[in-house]
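J.:
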Amino acid sequence: MALTALKVKNAKPGRYVDGRGLCLFVKESGSRSWVLRMQHNGRRRDYGLGSALDVTLTEARDAAAALRRQVRAGIDPVAERRKSRKVVPSFETAARECYEALKDGWKNQNYRNWISSMENHVFPLIGRKPVDQVDNTHVVEVLTPIWLEIPDTARKILQRIGAVLDFAHIKGWREEEAALRSVRKGLPRQTDKVEHFKAMPYADIPAFMKELATASPTTGRDALRFTIYNAVRSSETRKAVWTEIDLDKAVWTIPGERMKAKETHVVPLSKPAVSILRRRWKLRTSDDGLVFSNNGEKPISDMTMTKLLRDAGIKSATVHGFRSAFTDWAAEKTDFPKEVADKALAHKLSNQVEAAYRRTDFFDKRRDLMAVWAEFLQSSAAA
1 MALTALKVKN AKPGRYVDGR GLCLFVKESG SRSWVLRMQH NGRRRDYGLG
51 SALDVTLTEA RDAAAALRRQ VRAGIDPVAE RRKSRKVVPS FETAARECYE
101 ALKDGWKNQN YRNWISSMEN HVFPLIGRKP VDQVDNTHVV EVLTPIWLEI
151 PDTARKILQR IGAVLDFAHI KGWREEEAAL RSVRKGLPRQ TDKVEHFKAM
201 PYADIPAFMK ELATASPTTG RDALRFTIYN AVRSSETRKA VWTEIDLDKA
251 VWTIPGERMK AKETHVVPLS KPAVSILRRR WKLRTSDDGL VFSNNGEKPI
301 SDMTMTKLLR DAGIKSATVH GFRSAFTDWA AEKTDFPKEV ADKALAHKLS
351 NQVEAAYRRT DFFDKRRDLM AVWAEFLQSS AAA
């Protein structure tokens, strides 16, 4: 017989059937709850409808009817409830959780590269987007600027984004696994030919430096100018900390672990480079934090400097290309030996025998070279 409100109120411990699978369960403690028992995909499933103290008989029947309609429509009510309760993290949060879960199985260099590539190229564009909303269109957007410029890195980033999305699926943040096979169809074909970093002609750099210097100072502009003055890699600038710099001696000592060649590199700082640092010293948040950072703790993205080039309408040059421009300038406009310019770039000698005998780092000559380079960059027009 169907239940009544009075029967629900006075029911003793046990199970009471109202009809069509709706049941009232009363425990020895006196607590009573509603459950709807149905078949779903060939399995018997129980769906809780709440406490009888909060849900009336009429409300329980209405809820049971609504659940039956969902099941007839092919909807899994339990999955829908889980979906409504889950909190989907941002892509960056999911990526960092994925990184922490997987990194113990990698070599140290691999996991450093993994997270830094995300910080440099992915998080600035889609890091804040909920991970369940990241689709192939967003992945193409991330890869387009770097697909031909740094092809090997771009391919690795594609794999790493796929790993994050698969990790998010396993965690229940995405309904489906990642299907990124079609991403390559939205990108130009990569060739096996080695692509050199596109460089601005050195004769054009003084005008660009003047444009940077006269614009409103920002962390990104300071970092780019400092990078060009010292002909260093952008990562070496972005991760520079105050403890590496001696302003009085005008020397910047970059530890080996931050250098590509894994050897300490001592940079003689020109007067304009020191001026940038002295101004930033007044803005520091700590004496040992990052030099080019808004809070002293998180480095700026590599895309920050690239964006300055793009905003200036410069499409055919890269930040790394300024090192190449420096090499061309030193070869064509100065009498400094090639070895001095190579040492300024922290290049290793390819001849191992020669490298074994050459102990000098040409520091004094490099200081002279960088002073001449700074003078050239500050000239009103390139000769």
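Final position of the sequence shown in the UniProt record's numbering is 383; the numbers increase by one with none missing. Even glycine gets a Cβ: it sits at the ideal position worked out from N, Cα and C.
Counting only the same chain and skipping the five closest in sequence on each side, list residues whose C-beta sits under 8 Å from that of Asn294.
T.: Around Asn294: Thr219, Ile300.
J.: Below 8 Å on the Cβ atoms is my contact criterion, and I expect Val319 with Thr227 to pass it. Report the Cβ-Cβ distance as a whole number of Å.
T.: Yes, Val319 and Thr227 are in contact; Cβ-Cβ is about 7 Å, under 8 Å.
J.: Ends of the alpha helix (DSSP H) at Ser235?
T.: Segment 234 to 238, the alpha helix (DSSP H) holding Ser235.
J.: Count the other CB atoms within 10 Å of the CB of Asp222; is the residue buried (16 or more) or exposed (fewer)?
T.: Asp222 is buried by the Cβ-count criterion.
J.: Is Arg323 buried or exposed, if buried means 16 or more other CB atoms sit within 10 Å of its CB?
T.: The residue in question, Arg323, is buried, as its Cβ has 16 or more Cβ neighbours within 10 Å.
J.: Just the Cα atoms here: how many angstroms apart are Ser234 and Gln70?
T.: Approximately 56 Å between the Cα atoms of the pair.
J.: Are the beta-carbon atoms belonging to Leu3 and Leu57 less than 8 Å from one another?
T.: In contact: Leu3 and Leu57 (Cβ atoms closer than 8 Å).
J.: Mind checking which residues open and close the alpha helix (DSSP H) that includes Phe226?
T.: From DSSP, the alpha helix (DSSP H) with Phe226 extends over 219 to 230.
J.: Where do the N-terminal and C-terminal ends of the beta strand (DSSP E) with Thr253 fall, by residue?
T.: Element bounds for Thr253: 251 to 254.
J.: Taking just the CA atoms, how far does Met259 sit from Val241?
T.: Between Val241 and Met259, the C-alpha separation is close to 14 Å.
J.: What is the rounded straight-line gap between the Cα of Glu100 and the Cα of Arg128?
T.: When rounded, the distance between both Cα atoms is 19 Å.
J.: When we look at the beta-carbon of Leu158 and count the other beta-carbons within 10 Å, is it buried (16 or more) or exposed?
T.: So Leu158 ends up on the buried side.
J.: For the segment 295 to 374, which segments carrying the alpha helix (DSSP H) assignment without a break, of at least 4 residues, lie completely within its bounds, in sequence order?
T.: Counting whole runs of 4 or more residues, the segment 295 to 374 contains the alpha helix (DSSP H) stretches 302 to 311, 321 to 333, 338 to 344, 352 to 357.
J.: Across which residues does DSSP place Arg160 in a beta bridge pair?
T.: The partner list for Arg160 (beta bridge, DSSP) is empty, contrary to what the question assumes.
J.: Ends of the beta strand (DSSP E) at Val142?
T.: Segment 136 to 143 is the alpha helix (DSSP H) holding Val142; no beta strand (DSSP E) there.
J.: Which class does Gly127 belong to by DSSP, given the choice of helix, strand or coil?
T.: Here Gly127 sits in coil by DSSP.
J.: Could you say which of Trp281, Gly289, Ala330, Leu308 lies nearest to Glu211 if we only look at CA atoms?
T.: Here the closest residue by C-alpha is Leu308.
J.: Note down, in chain order, each residue of its chain lying with its Cβ closer than 6 Å to the Cβ of Leu269, except the 5 sequence neighbours on either side.
T.: Answer for Leu269: Ala250, Trp252, listed in chain order.
J.: With distances taken Cα to Cα, identify the nearest neighbour of Asp152 among Arg44, Asn113, Arg174, Gly296.
T.: Here the closest residue by C-alpha is Asn113.
J.: What's the C-alpha gap between Glu263 and Lys343?
T.: For Glu263 and Lys343, the distance between alpha carbons rounds to 12 Å.
J.: Is Val88 helix, strand or coil when you go by DSSP?
T.: Coil, per DSSP.
J.: In this structure, how does DSSP classify Gly105 when only helix, strand and coil are distinguished?
T.: Gly105 falls in the helix class under three-state DSSP.
J.: Compare the beta carbon distance of Met200 and Ala317 with 8 Å and say whether it is the shorter of the two.
T.: The answer is yes: Cβ separation under 8 Å.
J.: What does the alpha-carbon distance come out to for the pair Ala331 and Leu369?
T.: Approximately 11 Å between the Cα atoms of the pair.
J.: Helix, strand or coil for Phe25, going by three-state DSSP, please let me know.
T.: Strand, per DSSP.
J.: Buried or exposed: where does Pro272 fall if 16 or more other Cβ atoms within 10 Å of its Cβ makes it buried?
T.: Looking at its Cβ environment, which holds 16 or more other Cβ atoms inside 10 Å, Pro272 is buried.
J.: I need the straight-line Cα distance from His40 to Arg20, nearest angstrom please.
T.: Their backbone Cα atoms lie some 14 Å apart in a straight line.
J.: Taking Cβ positions, are Val142 and Leu165 nearer each other than 8 Å?
T.: The answer is no: Cβ separation not under 8 Å.
J.: Along the beta strand (DSSP E) that carries Asp18, what are the first and last residues, could you check?
T.: Segment 14 to 19, the beta strand (DSSP E) holding Asp18.
J.: Considering only residues of the same chain and omitting the five flanking positions on each side of Met209, which have a CB-CB separation below 8 Å?
T.: The answer, listed in chain order, is Arg225, Ile228, Leu377, Gln378.
J.: Is there at least one Cβ from chain C nearer than 8 Å to Ser379's Cβ?
T.: Going by chain labels, chain C is absent from the structure shown, which holds only one protein chain.
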